[in-house]
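Chains as they are written, first to last, in my numbering: chain A, 3 to 293; chain B, 3 to 293; chain C, 3 to 293; chain D, 3 to 293; chain E, 3 to 293; chain F, 3 to 293.
Just so it is clear, CB atoms sit at the ideal spot from N, CA and C, and this is done for glycine as well.
There are 6 protein chains.
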Amino acid sequence: MTNSTQIPPLDPDALRNVVWSALEEDGAFRDVTTQALVPPDQRGRGVFLAKDAGVIAGLPVAATAFAAIDEEITLRFSIDEGDWVEPGQVFGELEGPLGSILSGERVALNFLQRLSGTATATRALVDAVAGLPVRVVDTRKTTPGLRTLERYAVRVGGGANHRYNLADGILIKDNHIAAGRARGLDIPQIIAAARAGAPHTLRVEIEVTTYAEAEEALAGAADVVLLDNMNVEEMARAARLLKGHALTEASGGVTIANIRAVAEAGVDIISSGSITHSAKALDISLDIENA
Amino acid sequence: MTNSTQIPPLDPDALRNVVWSALEEDGAFRDVTTQALVPPDQRGRGVFLAKDAGVIAGLPVAATAFAAIDEEITLRFSIDEGDWVEPGQVFGELEGPLGSILSGERVALNFLQRLSGTATATRALVDAVAGLPVRVVDTRKTTPGLRTLERYAVRVGGGANHRYNLADGILIKDNHIAAGRARGLDIPQIIAAARAGAPHTLRVEIEVTTYAEAEEALAGAADVVLLDNMNVEEMARAARLLKGHALTEASGGVTIANIRAVAEAGVDIISSGSITHSAKALDISLDIENA
Amino acid sequence: MTNSTQIPPLDPDALRNVVWSALEEDGAFRDVTTQALVPPDQRGRGVFLAKDAGVIAGLPVAATAFAAIDEEITLRFSIDEGDWVEPGQVFGELEGPLGSILSGERVALNFLQRLSGTATATRALVDAVAGLPVRVVDTRKTTPGLRTLERYAVRVGGGANHRYNLADGILIKDNHIAAGRARGLDIPQIIAAARAGAPHTLRVEIEVTTYAEAEEALAGAADVVLLDNMNVEEMARAARLLKGHALTEASGGVTIANIRAVAEAGVDIISSGSITHSAKALDISLDIENA
Amino acid sequence: MTNSTQIPPLDPDALRNVVWSALEEDGAFRDVTTQALVPPDQRGRGVFLAKDAGVIAGLPVAATAFAAIDEEITLRFSIDEGDWVEPGQVFGELEGPLGSILSGERVALNFLQRLSGTATATRALVDAVAGLPVRVVDTRKTTPGLRTLERYAVRVGGGANHRYNLADGILIKDNHIAAGRARGLDIPQIIAAARAGAPHTLRVEIEVTTYAEAEEALAGAADVVLLDNMNVEEMARAARLLKGHALTEASGGVTIANIRAVAEAGVDIISSGSITHSAKALDISLDIENA
Amino acid sequence: MTNSTQIPPLDPDALRNVVWSALEEDGAFRDVTTQALVPPDQRGRGVFLAKDAGVIAGLPVAATAFAAIDEEITLRFSIDEGDWVEPGQVFGELEGPLGSILSGERVALNFLQRLSGTATATRALVDAVAGLPVRVVDTRKTTPGLRTLERYAVRVGGGANHRYNLADGILIKDNHIAAGRARGLDIPQIIAAARAGAPHTLRVEIEVTTYAEAEEALAGAADVVLLDNMNVEEMARAARLLKGHALTEASGGVTIANIRAVAEAGVDIISSGSITHSAKALDISLDIENA
Amino acid sequence: MTNSTQIPPLDPDALRNVVWSALEEDGAFRDVTTQALVPPDQRGRGVFLAKDAGVIAGLPVAATAFAAIDEEITLRFSIDEGDWVEPGQVFGELEGPLGSILSGERVALNFLQRLSGTATATRALVDAVAGLPVRVVDTRKTTPGLRTLERYAVRVGGGANHRYNLADGILIKDNHIAAGRARGLDIPQIIAAARAGAPHTLRVEIEVTTYAEAEEALAGAADVVLLDNMNVEEMARAARLLKGHALTEASGGVTIANIRAVAEAGVDIISSGSITHSAKALDISLDIENA
């Protein structure tokens with residue numbers, strides 16, 4: 003399944019809310035140290051410095067944070083969102099009232115490091131399947147409160163997005179199947195019930211764990227079949243079965259080591275929770291000097 | 003510096019807000035799949051199952067999430083907050099309307115996995131310095147929006163907390179020193195200025211990077227001296243200098259591999275950003291069955 | 003296309019917010035007349051009386067309003083949500099502190115009358131296509147702030163829901179097609195672009211206005227084709243073309259007079275804006291007496 | 003009773019909140035279709051086109067919606083708020099980033115159509131009583147959440163406003179009278195109690211249903227007497243009785259067919275719930291083309 | 003003008019919001035001292051002790067604060083809202099988790115002392131005019147954010163309320179008159195314009211500063227005339243002029259020393275800003291002991 | 003203890019929120035009188051006039067209020083924040099749409115009068131201890147909702163701030179000591195427990211009421227000792243004991259009459275609740291004329 007390479011815009015209202023909340027959380031406007039030590043007219047400048055190699059994501063978030071702190075801060079990035087940086091690379095600079103820069107630094111970096119971490123982890127998976135017709139997507143295993151930003155970072159890293167939440171996509175999981183079976187329904191009947199109860203704009207995706215279940219999903223005319231925690235051979239067999247009838251998504255235990263083999267099994271989509279729930283923050287610093 | 007082992011309560015208002023926001027973010031009350039497939043009167047039960055070894059943190063958060071989804075869900079944990087679990091260990095169970103359980107599962111797990119990850123990473127550092135009079139603390143490198151919860155997880159893991167934010171602690175960093183020097187002040191004068199401008203209830207902590215700066219901090223009667231990115235020998239020398247005059251905090255590049263050596267250098271406090279910004283989520287699942 | 007008859011639950015958080023906002027808007031807790039005239043210990047009872055014939059929707063909303071005003075009010079409905087009432091029919095009663103009943107009456111009725119109006123209008127359309135395999139759905143032409151409630155009322159009236167908003171469904175409208183053509187794309191390419199840029203959980207729906215465009219939509223393998231403002235003959239021709247390849251949705255100018263003919267044209271879905279944007283409120287009163 | 007013809011300004015804070023909420027509700031910043039299909043640099047223009055005849059109300063609301071979506075959109079209306087339009091009449095145009103225009107269109111139209119519907123219904127009643135000294139006013143039967151906007155639309159349509167809510171006007175209704183009688187009070191005593199308990203800046207209005215009650219209201223020196231559901235003869239008799247002593251308001255069952263007769267009965271004020279609770283949305287479209 | 007002696011209920015939603023905000027402002031759930039020193043199972047009890055003489059107002063506010071902190075706290079007051087206390091008098095007691103009591107104490111007392119201060123100041127004025135047919139009312143000179151509570155305290159102190167805010171009462175002040183005169187209007191015309199532009203449920207009150215202006219107000223049939231900063235003789239003359247035609251309100255420079263003379267001048271209403279903007283907090287303490 | 007004379011900036015987000023809330027509370031955008039009487043194009047100007055002598059605080063708050071009401075209002079102050087004014091002194095002027103000026107006047111003045119009252123009361127205490135090495139500070143006895151602004155006013159008046167709230171400073175009060183004693187702890191053990199349980203960035207302050215307790219506090223190495231309600235001789239004795247070992251704070255019953263004696267007793271800090279809980283509003287008016 004091919005994938006758009008365009009990075010979508012961030013919801014400006016969501017961006018503003020999350021950044022202001024973070025500034026309030028960090029007491030950025032009540033910075034006792036800076037208020038005691040830095041007079042309002044002292045100016046400073048700083049450079050953004052990568053200390054790890056990776057993909058930068060979150061430049062608009064950092065820009066929003068500094069703009070919220072003080073409109074007099076000017077900020078220029080010498081790279082584009084999604085560019086790769088090497089350790090030691092300077093990728094932007096800012097100038098303005100020194101006190102404001104110091105008070106906003108931590109919040110800006112907390113976002114930038116975390117989102118760059120997710121983008122970098124995503125890029126690693128995407129690069130590992132280069133040339134194959136497969137889409138790498140996120141899951142709902144995101145940080146509470148940051149789903150919009152983290153999904154954005156996945157896009158910046160070259161991945162695509164799964165459903166946003168429980169309300170905008172149908173995914174019949176093992177427990178839903180079990181619930182249906184307890185009421186005497188088989189998989190095709192469960193698929194039909196989901197289709198009857200949901201908006202017609204949504205595809206019906208169902209999670210299966212065996213080849214036999216994949217056959218049932220096919221019988222029920224599922225639109226998408228999630229192959230959960232199957233080994234590569236099973237996955238390939240199921241993918242062949244479903245090719246042309248349903249999209250297939252591989253999920254569970256995907257790592258940088260095995261993702262190419264999974265993709266070669268012929269699935270259309272590979273989802274990864276670790277790119278959001280366990281990505282290592284990219285080490286970035288802001289080196290400041292007095293103007 | 004010794005440390006209280008008591009786990010403080012979570013701010014109930016903050017807890018409620020963060021959990022409700024997460025449920026809204028995940029569309030938990032508009033779960034199209036579950037609403038189409040699970041009738042309101044179908045009941046289920048599930049068990050919480052650890053799939054990694056680690057420290058569990060966030061039981062009250064998970065409980066709040068399920069209570070918010072549906073007051074009819076009952077939930078019992080067989081361990082206490084902060085207990086260690088082994089892979090395969092069942093540590094709790096819940097029972098109630100199956101649809102509600104399915105709709106709340108992901109949010110509850112997202113919190114539980116993340117907070118347990120931070121608690122586990124903290125415990126590793128704390129255990130590595132067992133027997134030494136040193137306090138392991140967090141930093142402001144937390145997830146935006148989750149600082150209260152992550153600092154709580156650090157306490158659950160046996161660590162202590164640094165200042166909450168810029169408003170409730172003084173920390174004169176390298177850039178503040180540079181700003182002062184640009185105005186002709188030396189370190190003792192900078193410390194005096196911070197003391198003059200801040201509430202008398204706050205200690206004055208200052209970051210130094212060399213032994214010479216530590217001597218200046220001593221001359222300025224700093225209450226706490228943060229030894230930033232020093233090697234262990236320098237740190238030990240500075241700690242000896244300051245012993246009895248100021249608390250000392252080691253910061254920068256602390257890992258499980260070197261923390262004991264750092265502690266043996268004689269510092270009172272060791273701070274770590276990685277326990278909040280890069281902790282790996284602890285793998286936990288909720289295994290559900292029909293009642 | 004068949005449709006589930008199950009009424010989904012209302013999001014309790016959304017319900018609470020919208021009801022509290024309405025009570026604040028109406029000054030229900032600062033009712034100067036009632037506070038001056040009705041002592042706290044005076045009790046009253048009242049009955050809900052239908053003055054028009056129609057479908058009742060919003061019983062849980064009315065119940066939430068009275069519970070918010072005063073937990074001592076008890077309320078019992080003698081019908082179920084979605085039942086039909088005749089003029090003069092009493093369908094519920096409440097008892098409690100008289101002042102609280104008077105202060106909450108208007109807000110409760112404002113919701114109940116409006117939602118019942120939408121449910122009644124929906125039921126009329128649904129009944130008109132009885133026996134035909136077609137789904138009657140709403141549009142995004144809802145009252146600002148009340149989309150969740152109005153979509154719920156559509157379900158209560160026997161209809162189904164279209165996408166909730168711009169974020170959870172793809173609908174390529176005439177302007178999107180024109181935008182694509184301006185960039186040199188034909189309809190199959192536009193469909194492919196939408197598919198590439200959106201989550202794989204969403205179907206791709208496209209609006210066409212001619213049979214020729216319907217052929218292009220077929221060539222692009224659209225999942226759903228909206229036949230906009232076509233006459234019944236064109237619609238039937240397009241529906242035959244697409245049968246088995248895509249769902250078809252009829253939209254534009256649907257009335258109680260023509261809906262059966264539209265359905266007989268063979269479309270799967272018929273959408274109506276008037277059931278939300280121009281439904282007449284159902285006349286309902288609360289007849290109160292002193293206890 | 004004469005009436006000001008000046009249209010009051012809309013509360014800017016209320017306007018902003020209601021518009022932003024509606025945009026969030028519609029997912030206007032997360033429009034998956036537009037984001038996939040319309041590049042940020044593609045521009046468009048559109049015209050506002052009336053498809054029904056009526057009074058336009060809500061131009062500032064539509065302007066606020068498009069400004070919130072994208073500050074680069076420019077918008078010009080060729081009519082004034084409150085002007086009459088004919089079917090086919092173009093009354094404004096806008097130009098800017100095409101994607102932003104498409105994402106904001108529905109919310110802007112939802113407000114504009116609804117408010118124009120209320121203004122049009124109001125104008126019909128006002129025109130029907132042209133030349134008579136009577137004020138046409140709204141009621142509290144407004145859409146929850148939209149009272150401020152709907153009352154504004156009534157003003158735009160040439161009507162006036164009744165009290166905003168329960169807190170800023172006294173209206174002793176039948177149930178209040180019954181409550182007082184149950185405690186042994188007659189109508190003059192009830193009026194006195196209301197006067198004693200409320201701010202002196204409020205008139206005391208009382209609802210009566212018979213001529214005898216109107217006599218009691220006069221004895222109690224009510225400031226305003228609401229004549230509820232009386233026939234025209236009774237109303238005229240009561241109006242003559244009260245002339246010079248109290249204002250009179252007619253309420254209940256007022257339609258375009260009977261309003262002139264009601265006005266000729268000599269009342270000062272006529273209130274109508276249908277102009278807010280059951281106004282038909284005015285059909286307006288935004289015709290868009292690529293720039 | 004007589005006045006109701008009934009104390010109206012507090013808006014529960016407003017009460018909850020203002021109390022929760024105050025608890026958050028005071029960090030009541032993050033009380034580092036108490037969390038470090040008082041274990042969760044240690045219990046305490048305390049008594050409310052008056053240290054000044056005065057009227058107690060705010061018992062429900064204090065109760066709400068302690069209930070918000072910890073539902074296990076039980077609280078009993080031995081007096082009623084509005085009762086007079088003497089220095090040294092115990093008027094209530096509470097029992098519960100000691101830590102919760104300590105964390106909530108300050109917020110509860112801040113409200114109780116301030117509201118009791120306003121009630122006490124009001125009572126002093128009310129007592130000074132005992133036996134005279136005059137109503138003592140507040141103004142809009144209240145503490146930002148606390149208007150609802152302070153107006154309530156005025157009622158508890160035996161006073162009455164003026165309009166709540168600019169939206170729910172008409173008061174034509176000197177600057178409005180000057181604005182009208184600049185446009186060529188005289189006072190009767192200004193009164194007519196206000197009447198034309200405002201809901202018919204509001205009286206028209208106008209501020210005058212001379213007897214001549216009072217005559218003009220009478221000519222314009224003002225409903226209420228505010229006599230601003232007149233001496234007692236002028237006031238008496240104006241009151242005689244207006245008796246039977248309009249209510250009269252004395253305002254400006256009213257003190258405990260001169261209020262009886264002002265009342266004897268024959269006005270209906272006397273307003274005082276000092277009872278809200280400059281009332282001295284009543285000294286109240288909570289004496290706590292371990293259970 | 004010396005004190006910075008620099009006035010810190012106000013948190014812009016907090017400022018905006020508190021001002022907007024106050025404007026909404028006062029109905030400033032729904033001012034029925036002004037909307038009926040002042041056309042949008044009528045302009046006015048006004049001057050700020052002091053009617054009492056005192057310190058002006060809150061100029062940025064007043065400016066924010068008028069800017070929020072109408073961006074066209076221009077405003078110039080001829081004094082600086084914190085300057086002293088005499089009765090009759092004009093200290094600023096504004097010009098703009100007259101209606102907007104009238105609608106915003108009361109809220110602007112309510113803030114300005116109250117904050118100036120606190121600044122003036124603070125200045126009186128500060129001046130009374132001129133030349134002595136003592137810091138005058140506020141307490142937590144602030145107006146609910148206005149702590150940030152009132153603490154700011156204390157700074158404007160030349161005072162300093164105590165801890166912001168329970169979360170950012172440790173203060174072991176008599177009840178905490180009693181709680182500890184009930185568990186068998188003495189004062190040094192209580193101090194140690196607080197130190198163990200709190201961030202290392204906070205000083206430990208303890209309240210004592212006798213010389214003997216002061217000795218215990220010294221033994222426990224408290225950082226700050228609050229001498230509560232001691233007479234001046236005791237205070238002097240305790241201050242001598244603790245000099246060089248801990249800061250000392252005098253609290254309780256401090257007045258303009260006795261503060262110099264208290265300061266001469268040798269304490270470092272004097273705290274006063276009355277400057278926030280009982281400060282008299284400074285009388286300020288806005289004299290407006292038509293432009």
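In the DSSP output, what is residue i paired with across the bridge?
i	result
ALA55/A	For ALA55/A, which the question treats as bridged, DSSP gives no partner whatsoever.
VAL87/A	GLY56/A
LEU249/A	VAL226/A
THR76/C	GLU97/C
ILE9/C	ILE9/C is not bridged to any residue.
Spatial neighbours of residue i within its chain, please: CB distance less than 7 Å, with the 5 preceding and 5 following residues excluded, ordered by chain position.
i	result
GLY254/E	ASP230, ASN231
ALA70/A	VAL21, TRP22, LEU25
VAL109/D	ALA24, LEU25, ASP28, ALA30, ALA67
TYR213/F	GLU236, ARG239, ALA240
Among the residues of its own chain, which have a CB less than 8 Å from the CB of residue i, if the five just before and after it don't count?
i	result
ILE290/D	GLY46, ARG47, GLY48, LEU100, ILE103, LEU104, GLU107
ALA216/D	VAL210, VAL227, LEU229, ALA240, LEU243, LEU244
ASP85/F	VAL57, ILE58, PHE93
Go through its chain and collect everything with a Cβ distance to residue i's Cβ below 6 Å, but skip five positions before and after it.
i	result
ALA305/D	As shown, chain D starts at 3 and ends at 293. That puts residue 305/D outside it, with no answer to give.
Open item on the list: For the pair the segment 96-111 of chain B and the segment 41-49 of chain B, tell me if three or more CB-CB distances fall below 8 Å.
Closed with: Yes: the two stretches touch, three or more of their Cβ pairs being nearer than 8 Å.
Open item on the list: Quick check for students: name the residue ranges of the alpha helix (DSSP H) that lie wholly in the segment 122-189 of chain C, counting only runs of 4 or more.
Closed with: 149-158, 176-184
Open item on the list: Output needed in chain order: residues of the segment 12-31 of chain D with a Cβ under 8 Å from some Cβ in chain A.
Closed with: TRP22, LEU25, GLU26, PHE31
Task: At least 3 beta-carbon pairs within less than 8 Å: the segment 60-80 of chain E vs the segment 124-132 of chain E - done: By the C-beta criterion, the segment 60-80 of chain E is judged not to be in contact with the segment 124-132 of chain E, since fewer than 3 inter-stretch pairs fall below 8 Å.
Open item on the list: For the pair the segment 266-276 of chain E and the segment 135-142 of chain E, tell me if three or more CB-CB distances fall below 8 Å.
Closed with: yes
Open item on the list: Taking beta-carbon pairs under 8 Å, can you tell me which members of the segment 152-179 of chain C lie near chain A?
Closed with: Result list: ALA162, ASN163, HIS164, ARG165, TYR166, ALA169, ASP170, GLY171, ILE172, LEU173.
Task: Near-chain B residues of the segment 102-136 of chain A - C-beta to any C-beta below 9 Å - done: Cβ contacts with chain B come from ILE103, LEU104, SER105, GLU107, ARG108, VAL109, LEU111, ASN112, PHE113, GLN115, ARG116, GLY119.
Open item on the list: So if I threshold CB-CB distances at 8 Å, which residues from the segment 37-69 of chain E count as touching chain F?
Closed with: GLN37, ALA38, LEU39, VAL40, PRO41, GLN44, GLY46
Open item on the list: Threshold first: 4 residues or longer. Then list the alpha helix (DSSP H) segments lying entirely within the segment 252-290 of chain D, N to C.
Closed with: 261-266, 276-279
Task: the segment 9-16 of chain F in contact with the segment 170-179 of chain E per 3-pair CB rule at 8 Å - done: no
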